[in-house]
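In what follows, a structure is listed as structure tokens, so that the remarks can point back to it.
Residue numbers (the working numbering): 65 to 323.
If you want it as structure tokens, here you go:
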């Protein structure tokens, strides 16, 4: 075992969530008495689910169910016939003293970066969508617009500043787009979020060309030890994908179009 692999093993068994799994196993081993049988069974199931929810293998399998829109380059999107790029906000980092206050999350920044890349390759205007209020009282779309203008040199940016869900992103963005006579868009969001987002935007009557970003690696090797070790990154990805799966199911049934 090389040094890098060894360090990953040590991190996996010491840091959360791996350390918590080991602690739970210790509790299971130390349990005593017939009356504790049910409790031990529940604890065992919990440990198994906790482990499965924290490994890259599970995250990769879940990604395959959601990331079915292929990656697109700006050259691919230039011929899409769209009139604007819509980029969706994805949360905040409330404590960002280096920026003088709240700023966007890392996930949002990935979306912004790709939207800027698509803009430079297509010349299309950008609409930033998101109204969830940050700690400084500014809607997320305002922060997206500021970053695109100051850090990427792209202006002006259209904004939609009142939505708080993906469906509202679609509804309120469609209203702004109609003011600019735009009925076809390039939609930028995470690959795992794209199925739900594209469905919501198409439901408003817009023609949507998906431009997914932030893909999770679907090809992790089953024979590689590191892909079976718990990690914070995999745990976060599993939570994200499970949330998107539940959201997609809810959208299908709540809009009456489930087959």
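Glycine is no exception: its CB is placed at the ideal position from the N, C-alpha and C atoms. It should be emphasised that the depicted structure is a prediction, and the values quoted were computed from it without experimental measurement.
Give me the residue from the options with the minimum Cα distance to residue i.
| i | options | result |
| --- | --- | --- |
| residue 218 | 244, 190, 243, 309 | 190 |
| residue 194 | 175, 180, 184, 183 | 175 |
| residue 192 | 311, 157, 230 | 230 |
| residue 93 | 296, 81, 77, 111 | 111 |
| residue 179 | 236, 248, 253 | 253 |
| residue 310 | 116, 259, 221 | 259 |
| residue 238 | 314, 74, 269, 312 | 269 |
CB-CB under 8 Å to residue i, same chain, minus the five flanking residues each way: which ones, in chain order?
| i | result |
| --- | --- |
| residue 305 | 123, 126, 127, 129, 130, 256, 280 |
| residue 317 | none |
| residue 173 | 211 |
| residue 300 | none |
Going by DSSP, what residue range makes up the alpha helix (DSSP H) through residue i?
| i | result |
| --- | --- |
| residue 268 | Unbroken run through residue 268: none, as it is neither H nor E. |
| residue 124 | 120-130 |
| residue 224 | Note, residue 224: premise wrong, no alpha helix (DSSP H); beta strand (DSSP E) at 222-224. |
| residue 149 | No alpha helix (DSSP H) contains residue 149, which is instead part of the beta strand (DSSP E) from 148-152. |
| residue 237 | 230-243 |
| residue 314 | 296-318 |
| residue 138 | 138-141 |
Taking 7 Å as the limit between beta carbons, can you name the residues of its chain near residue i, skipping five residues before and five after?
| i | result |
| --- | --- |
| residue 142 | 185, 186 |
| residue 70 | none |
| residue 87 | none |
In terms of residues, what are the limits of the beta strand (DSSP E) holding residue i?
| i | result |
| --- | --- |
| residue 336 | Outside the displayed span of the chain (65 to 323) sits residue 336, for which this structure offers no information. |
Can the beta-carbon of residue i be found closer than 9 Å to that of residue j?
| i | j | result |
| --- | --- | --- |
| residue 273 | residue 250 | yes |
| residue 118 | residue 276 | no |
| residue 267 | residue 319 | yes |
Leaving out the 5 sequence neighbours to the left and right, which residues in its chain are closer than 6 Å to residue i when beta-carbon positions are compared?
| i | result |
| --- | --- |
| residue 323 | Note on residue 323: pLDDT 43, under 50, position unreliable in the model; no value is reported. |
| residue 216 | 180 |
| residue 157 | 167, 169 |
| residue 233 | 152, 193, 227 |
key: Runs of beta strand (DSSP E) lying entirely within the region 184-216, each at least 3 residues, in chain order   = Segments of the beta strand (DSSP E) lying fully in the region 184-216: 190-193.
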